[in-house]
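Numbered as in our numbering, the sequence shown ends at 115 without a single skipped number. Idealized CB from N, CA, C, for every residue including glycine. None of these values were measured; they are calculated from a predicted model. Working notes, beginning with the structure itself.
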Amino acid sequence: MTATTESQQQGAERDLVLTRLIDAPRQAVYRCWTKADRETHEKMGFHEGWGICADQLESLAKTLRS
């Protein structure tokens, strides 16, 4: 399963497009438009943010099991 999200911020130079393979193994590849974009995202805590999000989703999923 593939999920794609597109967004455009007002004044942004380009659209933000995220694609995630839902059934992909834990190893994933993330791409940015430019090296500067990648460096900015890394400084903002991109990798840590995804880890926190995954942990929160796991916790939520455990509460939904019957």
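query                                                                             : result
Do you know offhand how far Lys92's Cα is from Leu113's?                          : 34 Å
What are the boundary residues of the alpha helix (DSSP H) that Arg87 is part of? : Lys84 to Lys92
Please state whether the Cβ-Cβ distance between Cys38 and His90 is less than 8 Å. : Here the chain covers residues 50 to 115 and nothing more, so residue 38 does not appear.
Hey, does Asp104 have any beta-carbon neighbour from chain C nearer than 8 Å?     : Included in the structure is just one protein chain, with no chain C present.
Helix, strand or coil, according to DSSP, for Cys102 in the structure here?       : helix
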